[in-house]
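**Q** Quick note on the working numbering: the sequence shown kicks off at 78 and runs consecutively.
Sharing a structure below in structure tokens format, with a few things to ask.
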Amino acid sequence: MENKGIPQELIDRINFLAKKKKTTGLSEDEKIEQQSLRETYLAMFRENFRSHIEMLQVYDKDGKEVTPEKVKEIQRKKGLRDD
């Protein structure tokens, strides 16, 4: 799956189950599904966040790059830096 965004269907289903939980309650199967969907959402969110951080370059007010060395190393390994 090349699209790294979180599918809207996943978000919609999570929201549906959250609303249902507040109004009529969830069956045991729905509770299990809700937990599984939440775990999937968090895993996708973390991966997206990590990807954004790995692409980040930080500069101080003088224009000097101050990107943390750990991030620079990850960028080098992914071929995103040539320094």
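Each residue gets a CB set at the ideal place from its N, CA and C atoms; glycine is no exception.
Here the structure is a predicted model, which means the values were calculated and not measured.
#1: Spell out the partners DSSP gives Tyr136 in its beta bridges.
#2: Return helix, strand or coil for Lys155, following the three-state DSSP convention.
#3: State the Cα-Cα distance for the pair Leu133 and Phe126, rounded to the nearest angstrom.
#4: Note the first and the last residue of the continuous alpha helix (DSSP H) segment covering Ile109.
#5: Quick check: the Cα distance between Gln85 and Asp159, rounded to an integer number of angstroms?
#6: Quick check: the Cα distance between Ser104 and Ser128, rounded to an integer number of angstroms?
**A** On the basis of the data shown:
#1: Start at 1 with the first residue of the sequence shown, and residue 136 comes out as number 59. DSSP output for Tyr136 lists Glu142 as bridge partner(s).
#2: The residue you call residue 155 lines up with position 78 of the sequence shown. Looking at Lys155 - three-state DSSP - the assignment turns out to be coil, as it is neither helix nor strand.
#3: Sequence index remark: in the sequence shown, residue 133 carries index 56 (1-based). Sequence index remark: in the sequence shown, residue 126 carries index 49 (1-based). The alpha-carbon separation between Leu133 and Phe126 amounts to approximately 11 Å.
#4: In the sequence shown, residue 109 corresponds to position 32, counting from 1. Annotation for Ile109: the continuous alpha helix (DSSP H) segment containing it runs Glu105 to Glu131.
#5: Reading the sequence shown from its first residue, position 8 is the one you call residue 85. Reading the sequence shown from its first residue, position 82 is the one you call residue 159. Approximately 37 Å, taken between the alpha carbons.
#6: Numbered from its first residue, the sequence shown carries residue 104 at position 27. Numbered from its first residue, the sequence shown carries residue 128 at position 51. Rounded to whole angstroms, Ser104 to Ser128 spans 36 Å at the Cα level.
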